[in-house]
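Per numbering that gives the first Met the number 0, residue 0 is the first one in the sequence shown, and the count goes up by one each step. First up is the structure itself, then whatever we jot down about it.
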Amino acid sequence: MMKRCRAELAGPLAALMLLAVPSALSAQAPGYRVEIAPGAQEEVVFDWARQRCEQWDIPDAPLRAYRDDRGEVVAFASHHRSRAMIGRGLDRVASSCAISFQAKRSANPSDFSDFSWIGATWTGNGRDVFALMHDEYHANEHPGACRFKEAMSCWYNVVTAARSRDGGRSFTPDQPPTVVAAPTFRQDVGQGRHRGFFNPSNIVQRDGAWYALIATTGGEGQKPGVCLFKTTNIEDATSWRAYDGADFTLRAVDPYRGDLSQAKPCQPLKELPTTVGSVTRHEASGRWLAIFHLGPDPSKGVVGGRVAYSWSSDLLNWTPLQTLVTHPTLWSKDCSDQQRYAYGAIADPASPSRNFETTGDEAFLFMTKLHVSGCKIGPERDLVRIKVRIVKETP
């Protein structure tokens with residue numbers, strides 16, 4: 000998800016950085032605001048220096064978590080070699096060196112198995128876990144596949160489906176691949192920039208259906224932004240449909256196996272500028288809360304970057320972004336930075352939801368903390384959290 004040293008790759012969050020837009024520094028939503036809890040201190044969940052299983056065993060995605068059928072919490076926030084963190088509660092998970100999923104480094108783009116991340120999970124029983132995979136194809140690393148040498152210029156991305164039948168200890172992608180979100184063209188089209196659909200949010204259930212927000216950089220008739228996807232049957236990955244501006248009618252067309260003449264663009268949602276770190280329902284208000292990690296904007300006084308949020312009552316209409324906290328992020332250009340942050344996601348350890356889809360008035364903001372040395376970022380990065388609270392405004 001982030002640029003690697005030598006063979007290590009740029010990952011999904013970096014792909015969407017140009018879509019980020021600024022907002023004011025007040026953290027106000029209609030009736031409610033989100034803020035760092037008074038006296039809250041940053042806590043380390045995964046300490047790379049002490050707990051890593053290998054050099055690139057790193058937190059490299061927003062936290063996704065659920066309670067399995069053994070009564071344990073299983074959480075993912077890992078690199079393209081996906082390892083679970085497991086414990087008796089979301090506040091007590093520990094790293095596991097067992098690999099739950101790793102793509103095959105296939106040079107064939109139609110396999111969608113070059114580099115893959117577990118981007119989203121959802122389970123009803125704790126044993127059968129349905130996943131959305133963030134699949135990167137790095138054409139510059141496969142001879143003859145790209146006209147450029149830079150990873151970003153050759154980066155092509157889709158979102159596919161996978162499933163675990165053992166509570167998340169192992170995942171198997173559909174074969175042939177089930178494409179949930181994909182561009183209406185193949186990887187050799189439009190080279191020169193990163194292209195495709197990226198970074199599914201966590202999956203949430205609402206009124207008998209399941210939803211996920213997926214970002215796209217657009218191109219070839221598709222506008223950039225964030226599209227909403229829905230399924231009424233979580234067990235059937237082919238049932239996912241994207242919002243077309245009026246209804247959920249758009250089924251993704253596999254650019255290598257389908258009829259691309261039938262492919263149509265989804266309608267990006269207003270106010271959502273870039274990849275969504277998490278979406279959860281605040282129990283007291285019934286509103287949905289989306290979290291974003293954004294880059295700097297000196298014109299608005301945001302120098303290093305910030306965590307921002309938006310509210311919605313229906314997952315389609317969102318409020319303008321407001322700021323939760325400012326700090327150096329992945330896209331900071333300040334070489335004096337000692338650390339930067341990325342992949343913000345909110346989760347409440349006390350949520351009654353098996354998939355941590357809801358929050359009370361207090362929850363935690365989970366983030367990757369990247370250690371900076373000589374203006375460079377390497378593998379040294381930790382998963383941290385800090386307590387936040389949701390406060391009802393006084394009229």
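The C-beta atom is built at its ideal place from N, Cα and C for all residues, glycine as well.
Which first and last residues belong to the beta strand (DSSP E) in which residue i is found?
i	result
R280	277 to 281
V390	375 to 391
L131	128 to 137
M151	Element bounds for M151: n/a, residue is neither H nor E.
L369	361 to 372
E34	31 to 35
Which first and last residues belong to the alpha helix (DSSP H) in which residue i is found?
i	result
A344	No alpha helix (DSSP H) holds A344; the beta strand (DSSP E) holding it covers 338 to 346.
R395	For the chain, the structure presents residues 0 to 394; residue 395 sits outside this window and is missing.
To the nearest angstrom, report how far apart residue i and residue j are at their CA atoms.
i	j	result
L428	P142	For residue 428 there is no data in the structure shown, the boundaries of the chain being 0 and 394.
A102	P172	9 Å
I389	N139	45 Å
S22	G38	The predicted position of S22 is uncertain, since its pLDDT is 37 and thus under 50; a value taken from the coordinates is nonetheless stated next. For S22 and G38, the distance between alpha carbons rounds to 26 Å.
C395	D336	Nothing in the structure corresponds to residue 395, since the chain is present only between 0 and 394.
Q27	A289	Reliability fails at Q27, whose pLDDT of 44 lies under 50, so the model's placement of it is uncertain and no value is given.
A346	V43	15 Å
S238	S77	27 Å
I35	P267	30 Å
K332	G303	7 Å
R286	T358	10 Å
T248	E135	26 Å
C52	M84	12 Å
F45	A97	15 Å
K368	P295	17 Å
F170	A160	10 Å
L24	R305	Unreliable placement is indicated for L24, whose pLDDT of 33 sits below 50; no coordinate value is reported for it.
V20	L293	Low local confidence applies: a pLDDT of 36 at V20 is under 50, so the model's placement there is unreliable, and no value is given.
L259	P297	42 Å
E392	A283	13 Å
T230	P108	26 Å
P254	A245	24 Å
R192	R146	11 Å
R63	S277	9 Å
R49	W209	38 Å
A14	V275	Caution is warranted here: a pLDDT of 44 is assigned to A14, below 50, making its placement in the model unreliable, and the coordinate value is therefore given only provisionally. Their Cα atoms are separated by approximately 13 Å.
A236	R69	25 Å
G257	P175	12 Å
V383	I213	24 Å
Closest to residue i by C-alpha separation, out of the options, would be which residue?
i	options	result
P58	K386, R380, I385	R380
V158	K332, G86, F147, A180	A180
G118	R80, D90, R87, A60	A60
E71	A283, D90, R146	D90
A341	L329, D333, R69, Q190	L329
M132	F111, K148, E149, C145	F111
E361	Q174, H281, I376	H281
C265	A236, A74, G86, C226	C226
A349	T367, K386, H326	K386
V92	S277, H370, F365	F365
W55	R384, P378, Q261	P378
G464	T318, H370, I98	In this structure the chain extends from 0 to 394, so residue 464 is not present and cannot be described.
Q321	C334, F291, K229	F291
Q190	K148, G343, Q50	K148
P223	R194, A241, A130	R194
Y470	I376, D243, G343, A130	Here the chain comprises residues numbered 0 to 394, so residue 470 is not present and cannot be evaluated.
A262	V275, A241, T279	A241
I233	V252, V128, W116, V324	V128
task = At 4 residues or longer, and completely inside the region 260 to 335: list those alpha helix (DSSP H) runs for me, N to C.
result = none
task = Report yes or no: do three or more beta-carbon pairs, one from the region 184 to 198 and one from the region 161 to 170, lie closer than 8 Å?
result = no
message = Does the region 119 to 126 come into contact with the region 145 to 153, if we say contact requires no fewer than three beta-carbon pairs (one atom in each stretch) closer than 8 Å?
response = no
inquiry  = Report the start-end ranges of each beta strand (DSSP E) in the region 211 to 247 that is 3 residues or longer and not cut off at the edges.
reply    = 224 to 230, 240 to 242
query = Should the region 290 to 309 be called in touch with the region 255 to 274, which here means at least 3 C-beta pairs below 8 Å?
reply = yes
ask   = Okay, do the region 201 to 211 and the region 353 to 362 touch, 3+ Cβ pairs below 8 Å being the bar?
value = yes
request  = Please go through the region 156 to 221 and give each complete beta strand (DSSP E) segment of 3 or more residues, from N-terminal end onward.
outcome  = 178 to 180, 194 to 197, 203 to 205, 208 to 215
query = Can at least three beta-carbon pairs, one atom from the region 79 to 87 and one from the region 217 to 226, be found at a separation below 8 Å?
reply = no
inquiry  = In chain order, what are the residue ranges of uninterrupted beta strand (DSSP E) at least 3 long that sit wholly in the region 65 to 117?
reply    = 72 to 77, 81 to 86, 93 to 100
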